[in-house]
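In the order they appear, the protein sequences are chains W and X. Count along the first sequence from 1, then add 853; that gives the number in the working numbering. Count along the second sequence from 1, then add 4; that gives the number in the working numbering. Below is one structure, written out as structure tokens; comments come after it.
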Amino acid sequence: MLEEVGNMMLLTGRTLVSAVRPPYPYGSEFVGQFLFAMRLCWFPLLVSTIAFGYEAPGLQAANFLVLFGALDRLGGFFVLASIREFAPFVDAIVLAGVAGTAITADLGARKIREELDALEVLGVDPIKNLVVPRFLALMLLTGLFDIYALIFGVFGGILATVVNHAPLGPFFATFFNNAETTDLWGSVVKTTLFGAIIAIVCCYKGMTASGGAEGVGRAVNQAVVIAFLGIFAFNYAFTQTLLATHPDITTIIK
Amino acid sequence: MRDDAHSQRGDVKRTDGKAVSRVSVVDESPPRPGPPEGAADEEYRWHSYAVHPSGRPDAVRFVDTYKSFGRSHVLRGLNMALPEGMVSMILGPSGTGKSVCIKHMVGLLYPDSGDVLVHGRSVPDMPDDELFEMRKKFGLLFQDGALFGSMNLFDNVAFPLRQHTEKGDDEIEEIVMRRLNEVGLGDSRTRMPNELSGGMRKRAGFARALVLEPDILLFDEPDSGLDPVRTALLGELILEIHREMIEEAKRKQREHLPTFCVVTHDIMSARRVADYINVLWKGRIVEAGPAEEMLGSENPFIRQFLSGESQGPLTMD
Ligand SMILES: Nc1ncnc2c1ncn2[C@@H]1O[C@H](COP(=O)(O)OP(=O)(O)OP(=O)(O)O)[C@@H](O)[C@H]1O
Ligand SMILES: [Mg+2]
């Protein structure tokens, strides 16, 4: 297990070096992977963000806030909940579960068929030509999809406000009072790095798959679990750092 | 020129027939090495370790190579050579590490200890850039073909040319179609690998390994999954291509003569095609030498294996 983490760190390092060192043959593969992952993810993400935004922070928090007669604070709550945590998480979970698994399955199948070995013998560096484009594509896509998840998450919150027969004015007022640019860029940076974690874990698991078709299935399973763990651990560290370095965002403004 | 290539084969055989060298070589060989750690001497009793000289420099040489995967010890002090300009065979029971050997030659696997030399240079010690260059010397047919699933047959075979040469589309087309026709797949050029049978994928992999006309060609069981007629034809094709490439290399005064290495279970094709035979078992060479001497070997294991009989030292375990 520790050895695997070490190997993934190593892969991250080699991917970064390989990404910046010329030549850059991975352009078309990057575009292809980006579009491929986008096609796979946009709909599941749409459904899960609205559902999540509506149900978890929306309905549940609304029920809770109604107790205090404070439903007008739902907007403020949404900044904390949605921008900082829910949207990035839903985003990462959908990307790891849908795009990440597809990457692991694809690379794993190629590994099993010895295509990756054949590429290497034919002078094609699998890191530069396969890992780097997936790494960059997933980072960009996860970052962009964060904003997308945010929008639909907030839409879920609006839906919850409306369902509770509350006016939308205070929702937006407290939302924008509390929203700071730090929140937004923090959220986007965080998810971009989530994308990096997903890409590395899923590529690594795919490229080291062994033991036939069964082995590919195993690799996909492990990739999802490790990616989730990695995201949780990283998120904890990131949130702690962000709160410590930007104390202003901890105050909740009425 | 073709006769010249023939006589070259003949040369080898002539040197073999020259004397009762078989016996003398065994006698002159250094003291018998001990068994690998953790193995009983008994297990290696059929390993005579006799190596009959080929009279050629080695294109590839394994020196005391050890390789384990976890608890499975695959190469256990392997000493093996592929002589330059010859068609060598690696024969051995299933699961003895023949494919593992091939992967060591091209730097896809690294030995735990010992060395692998290609034209005298150590592969495990090569920095990445050099390894990259070195691999261009190789053409490799993987055991399962290893075609790229996202490309059709033509693109698969053209891939090495596009990757490593500046050749124009017309020239690439001509080379690729010649190779595809040689293996009988000219009509299937636009088909995808997953639409092909195992044997067809194998033949396409064969064509892909050849297009760059490399110095060293490694074929991992080119004949498995082929029908008997195609197996025989493939054997002839290998010989013919080898002859052509030897001629070509001589004409261009290349530094190294083309070396072929075929891994196979098929004793018949070994008899027809091989100039030199390595018999691998339990991670070491049992005996190696020019084909004629090997086919006349006194070693019961070699005799059993080369005649494919069920009676003898080799059993199911
Ligand atoms: N990458 C690997 N990881 C773990 N074990 C491996 C690996 N590659 C090979 N092995 C093991 O090494 C042993 C030798 O495998 P290899 O494929 O070289 O056999 P082989 O001689 O080519 O057999 P066959 O004639 O059936 O192809 C097998 O026991 C196999 O399980
Ligand atoms: Mg094999």
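Ideal Cβ positions, reconstructed from N, Cα and C, are used throughout, including at glycine.
- [ ] Please list the partners that D148 (chain X) has in chain W, where partner means a Cβ-to-Cβ separation under 7 Å.
- [x] R966, E967
- [ ] Could you pull out every unbroken alpha helix (DSSP H) segment of at least 4 residues lying fully inside the stretch 967–1000 of chain W, listed in chain order?
- [x] Counting only runs of at least 4 residues, the stretch 967–1000 of chain W fully encloses the following alpha helix (DSSP H) elements, listed from N- to C-terminal order: 968–974.
TODO: Just confirm the distance between the C-beta atoms of V42 (chain X) and V78 (chain X), as a whole number of angstroms; I'd bet it's less than 8 Å.
DONE: Just to set this straight, residue 42 (chain X) is Gly in the shown sequence, not Val. Not a contact, Cβ separation roughly 14 Å.
- [ ] May I ask which residues mark the beginning and end of the beta strand (DSSP E) holding M84 (chain X)?
- [x] 76–87
Open item on the list: At a cut-off of 7 Å, would you count S103 (chain X) as near ligand 2, judging by its Cβ distance to the nearest heavy atom?
Closed with: Distances from the CB of S103 (chain X) to the heavy atoms of ligand 2 include at least one below 7 Å.
TODO: Check whether the Cβ of L318 (chain X) lies closer than 8 Å to any Cβ atom in chain W.
DONE: no
Task: Contacts of H56 (chain X) in chain W (Cβ-Cβ under 8 Å) - done: By Cβ distance, chain W contributes nothing, its closest Cβ being about 31 Å from H56 (chain X), past 8 Å.
Open item on the list: I need the boundaries of the beta strand (DSSP E) containing T1035 (chain W), first residue and last residue.
Closed with: Premise fails: T1035 (chain W) lies in the alpha helix (DSSP H), 1034–1060, not in any beta strand (DSSP E).
- [ ] Rounded to whole angstroms, what's the CA-CA distance from E973 (chain W) to K140 (chain X)? Just pull it up for me.
- [x] 11 Å
- [ ] Could you please give the first and the last residue of the uninterrupted alpha helix (DSSP H) stretch that includes S871 (chain W)?
- [x] 855–873
TODO: Could you say which of W:E882, W:Y879, W:E967, W:T1034 lies nearest to G1059 (chain W) if we only look at CA atoms?
DONE: Ranking the options by Cα distance to G1059 (chain W), first place goes to W:E967.
TODO: Taking only beta-carbon positions, decide if H123 (chain X) is within less than 8 Å of chain W.
DONE: no
Open item on the list: Which residue wins for smallest C-alpha separation from V919 (chain W), given the options W:H1018, W:I1051, W:A1052, W:D970?
Closed with: Ranking W:H1018, W:I1051, W:A1052, W:D970 by Cα distance to V919 (chain W) puts W:H1018 first.
- [ ] Would you check whether ligand 2 has a heavy atom nearer than 7 Å to the C-beta of E240 (chain X)?
- [x] no
Task: Residues that K140 (chain X) contacts on chain W, provided the C-beta gap is smaller than 7 Å - done: G976
Task: 6 Å Cβ shell around L912 (chain W) - same chain, five flanking residues per side excluded - done: A1013
- [ ] State the CB to CB distance for the pair E291 (chain X) and A54 (chain X), rounded to an integer number of angstroms; the pair is presumed to be in contact (CB under 8 Å).
- [x] A54 (chain X) and E291 (chain X) do touch by the CB rule: their CB atoms are close to 5 Å apart, below 8 Å.
Task: Check: T100 (chain X) C-beta below 7 Å from any heavy atom of ligand 1 - done: yes
- [ ] Give a yes or no on whether the C-beta atoms belonging to M992 (chain W) and G1048 (chain W) are separated by under 8 Å.
- [x] The beta carbons of M992 (chain W) and G1048 (chain W) sit closer together than 8 Å.
- [ ] Note down, in chain order, every chain C residue with its Cβ under 9 Å from the Cβ of H168 (chain X).
- [x] Within the model displayed, chain C is absent; protein chains W and X are what it includes.
Open item on the list: Closest to K1043 (chain W) by C-alpha separation, out of W:I936, W:I965, W:L969, W:Q1075, would be which residue?
Closed with: W:I936
Task: Any non-hydrogen atom of ligand 1 within 7 Å of F73 (chain X) CB - done: yes
- [ ] Could you tell me which residues DSSP pairs with E291 (chain X) in its beta bridges?
- [x] X:A54, X:V283
TODO: Say whether chain W places a C-beta atom closer than 8 Å to the C-beta of P164 (chain X).
DONE: P164 (chain X) counts as touching chain W.
Open item on the list: Here's the rule: buried if 16 or more other CB atoms are within 10 angstroms of the residue's CB, otherwise exposed. What is N1031 (chain W)?
Closed with: buried
Open item on the list: Below 7 Å, is the gap between the Cβ of D227 (chain X) and the nearest heavy atom of ligand 2?
Closed with: Not under cutoff, so the answer is no.
TODO: Would you kindly check if the distance between the Cβ of L261 (chain X) and the Cβ of I250 (chain X) is under 8 Å?
DONE: L261 (chain X) is positioned such that its CB atom lies closer than 8 Å to that of I250 (chain X).
Task: Assigned secondary structure, R125 (chain X) (DSSP; H/G/I helix, E/B strand, else coil) - done: In the structure shown, R125 (chain X) sits in a strand (DSSP, three-state: E or B).
Task: T169 (chain X) burial status per 10 Å Cβ neighbour count (16 or more: buried) - done: exposed
Task: Cα-Cα separation between T954 (chain W) and T1098 (chain W), rounded to whole angstroms - done: 35 Å
Open item on the list: I need the DSSP call for M181 (chain X), collapsed to helix, strand or coil.
Closed with: helix
- [ ] Please report how far the alpha carbon of D279 (chain X) lies from the alpha carbon of F305 (chain X), in whole angstroms.
- [x] Their backbone Cα atoms lie some 20 Å apart in a straight line.
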